[in-house]
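Worksheet: the structure to be examined is printed underneath.
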Amino acid sequence: MKHYMKQMLVTNLDRSLPIYLEQTGYNEWQEEFDRPDGYHCYHWLQTTGGEGQFECAGNTMTLGPNQGILLPPHVPHRYYTSSHPWSTWYITFSGNLASMIVSSLGLATSKVIRWEDDSRLSRIHNTTSRLARQQSEFSGMDSSTFVYRFLMDLKRYGQVDKQRSYSQQSTRLAPYIRFMEEHFQDASIGLADLSEYAGLSSQRLNYLFRMTTGMSPYQYLIQLRIQKAKEHLMNNKHMTIKTVASLVGFLDVSHFVSTFRKFENITPQRFRELH
Numbered sequence: 040m041k042h043y044m045k046q047m048l049v050t051n052l053d054r055s056l057p058i059y060l061e062q063t064g065y066n067e068w069q070e071e072f073d074r075p076d077g078y079h080c081y082h083w084l085q086t087t088g089g090e091g092q093f094e095c096a097g098n099t100m101t102l103g104p105n106q107g108i109l110l111p112p113h114v115p116h117r118y119y120t121s122s123h124p125w126s127t128w129y130i131t132f133s134g135n136l137a138s139m140i141v142s143s144l145g146l147a148t149s150k151v152i153r154w155e156d157d158s159r160l161s162r163i164h165n166t167t168s169r170l171a172r173q174q175s176e177f178s179g180m181d182s183s184t185f186v187y188r189f190l191m192d193l194k195r196y197g198q199v200d201k202q203r204s205y206s207q208q209s210t211r212l213a214p215y216i217r218f219m220e221e222h223f224q225d226a227s228i229g230l231a232d233l234s235e236y237a238g239l240s241s242q243r244l245n246y247l248f249r250m251t252t253g254m255s256p257y258q259y260l261i262q263l264r265i266q267k268a269k270e271h272l273m274n275n276k277h278m279t280i281k282t283v284a285s286l287v288g289f290l291d292v293s294h295f296v297s298t299f300r301k302f303e304n305i306t307p308q309r310f311r312e313l314h
């Protein structure tokens, strides 16, 4: 029977970090666990082989290969094998900002999260098996970095219900973002042009952008224009503000200045002086 468990030595310095690793482990033959009071910190469990049943919040969920679940602290739960052997990998973590990081990334908790077989999440238990044997590579701030990267991968590759992963959504949006980058100078470009290029309704395109970037296509375009304007302001010190505005798709310089101030909290001229 193969298994390992790495209980981290958590120092006062670790506890002051935004997020830190408490424990990680792998079980080739997962035993039953029943925690009526939950676990005292965040707990991630994923299947690496076989199949198990996970009970929490009145629901019974199946955890098969390339599936896992993230539980907040103190959530009552129980899990047990339904297909022998059931192999699992887990980590537990905490930290001053652990809750805020999980929330800001929009990670689903107490729900089954799945991913494609070729993503890094499918191989992560092999990585930690190696690192767990190297104390110098898996302690303190290094382990904190590992947890943060893991959560970022969970955000990037994880799928909940029938929704696409962030990585899949980004790949799908890539042609439309390239279209914006090639036409941002055109002041007449709008959502209708982008929808026509995408072959999607404006509502559907708006949904895809908001799901992936947190903003509408128009907001993304404006932010792109402001970013390009900042590049001109820094690299072309003799270029007038009016010329910069025209080069990034603004017909009216006053509109450009007010929009720039809205995004950067300073005027274009002041930004140039500071940079």
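For reference, each letter of the sequence shown is one residue, going 40 to 314 in this note's numbering.
Think of the CB as a built atom: it goes at the ideal place given N, C-alpha and C, for glycine as much as any other residue.
Handout entry: Nearest-angstrom Cβ-Cβ length linking residue 141 and residue 196, presumed shorter than 8 Å
Key = Translated into positions along the sequence shown, residue 141 becomes position 102. Translated into positions along the sequence shown, residue 196 becomes position 157. The pair is not a contact, with the Cβ atoms about 16 Å apart (cut-off 8 Å).
Problem - Distance between beta carbons of residue 269 and residue 295, contact taken as under 8 Å - result: One-based indexing of the sequence shown puts residue 295 at position 256. One-based indexing of the sequence shown puts residue 269 at position 230. Actually they do not touch by this definition, with Cβ atoms about 12 Å apart.
Handout entry: Distance, residue 163 Cα to residue 181 Cα
Key = To locate residue 181, count along the sequence shown from 1; it is residue 142. To locate residue 163, count along the sequence shown from 1; it is residue 124. Rounded to the nearest angstrom, the two C-alpha atoms are 16 Å apart.
Practice task
Would you check if the distance between the CB atom of residue 130 and the CB atom of residue 83 is smaller than 8 Å?
Solution key: Mapped onto the sequence shown, residue 130 falls at position 91. Mapped onto the sequence shown, residue 83 falls at position 44. Result yes, Cβ atoms of residue 130 and residue 83 sit closer than 8 Å.
Exercise for the section: Look at the Cβ atom of residue 110, then the Cβ atom of residue 63, and state whether they are nearer than 8 Å. Expected result: On the sequence shown, position 71 is the one that residue 110 refers to. On the sequence shown, position 24 is the one that residue 63 refers to. In this structure, residue 63 does not lie closer than 8 Å to residue 110 by Cβ.
Exercise for the section: Pick out the complete alpha helix (DSSP H) segments inside the segment 120-189, 4 residues or longer, and give them in chain order. Expected result: 137-143, 163-171
Handout entry: Sufficient close CB pairs (3 or more, under 8 Å) joining the segment 53-62 to the segment 113-133
Key = yes
Practice task
Tell whether a beta-carbon distance below 8 Å holds between residue 240 and residue 248.
Solution key: Mapped onto the sequence shown, residue 240 falls at position 201. Mapped onto the sequence shown, residue 248 falls at position 209. It is not a contact, given that the beta carbons lie outside the stated cut-off.
Practice task
Within 10 angstroms of the Cβ of residue 284, are there 16 or more other Cβ atoms? Answer buried if so, exposed if not.
Solution key: Along the sequence shown, one-based indexing puts residue 284 at 245. Under this definition residue 284 is a buried residue.
Problem - Delimiting residues of the beta strand (DSSP E) encompassing residue 101 - result: Numbered from 1 along the sequence shown, position 62 holds the residue referred to as residue 101. 98-102 is the span of the beta strand (DSSP E), which, as asked, contains residue 101.
Practice task
Using a threshold of 8 Å, state whether the C-beta atoms of residue 144 and residue 102 are closer than that.
Solution key: Against the sequence shown, residue 144 aligns to sequence position 105. Against the sequence shown, residue 102 aligns to sequence position 63. Contact: no.
Handout entry: Inter-residue spacing [alpha-carbon to alpha-carbon] between residue 74 and residue 116
Key = Within the sequence shown, the letter at position 35 stands for residue 74. Within the sequence shown, the letter at position 77 stands for residue 116. In a straight line, the C-alpha of residue 74 is about 5 Å away from that of residue 116.
Handout entry: Three-state class that DSSP yields for residue 53 in the structure shown
Key = For the purposes of this step, residue 53 is identified with residue 14 of the sequence shown, where counting begins at 1. If DSSP states are grouped into helix, strand and coil, residue 53 belongs with the helices.
Handout entry: C-beta contact flag for residue 208 and residue 250 at 8 Å
Key = As a first step, residue 208 must be located in the sequence shown, where it is residue number 169. As a first step, residue 250 must be located in the sequence shown, where it is residue number 211. Yes, the pair counts as a contact, with Cβ atoms nearer than the cut-off.
Problem - Buried versus exposed, by CB contacts within 10 Å (16 or more), residue 56 - result: Within the sequence shown, numbered from 1, the residue matching residue 56 stands at position 17. Under this definition residue 56 is a buried residue.
Handout entry: Neighbourhood of residue 303 by C-beta distance below 8 Å, restricted to the same chain and skipping five residues each side
Key = Taking the first residue of the sequence shown as position 1, residue 303 is located at position 264. Only 265, 269, 310 meet the Cβ criterion.
Exercise for the section: Report yes if the C-beta distance between residue 257 and residue 230 is below 8 Å; otherwise report no. Expected result: Walking along the sequence shown from the start, residue 257 turns up at place 218. Walking along the sequence shown from the start, residue 230 turns up at place 191. Going by C-beta atoms, residue 257 is nearer than 8 Å to residue 230.
Practice task
Decide if residue 305 is buried, meaning its Cβ has at least 16 other Cβ atoms within 10 Å, or exposed.
Solution key: Here residue 305 refers to the residue found at position 266 when the sequence shown is read from its first residue. So residue 305 ends up on the exposed side.
Problem - DSSP state of residue 79 mapped onto helix, strand, coil - result: If you number the sequence shown from 1, residue 79 lands on position 40. Three-state DSSP puts residue 79 in coil, outside helix and strand.
Practice task
Helix, strand or coil for residue 261, going by three-state DSSP, please let me know.
Solution key: For the purposes of this step, residue 261 is taken as residue 222 along the sequence shown, with counting starting at 1. Helix.
Practice task
State buried or exposed for residue 40, treating a residue as buried only when at least 16 other CB atoms are found within 10 Å of its CB.
Solution key: Residue mapping note: residue 40 aligns to position 1 of the sequence shown, counting from 1. Residue placement at residue 40 is poorly supported in this model, since its pLDDT is 47, which falls under 50; the coordinates still yield a value, given next. With fewer than 16 Cβ atoms within 10 Å of its Cβ, residue 40 is classed as exposed.
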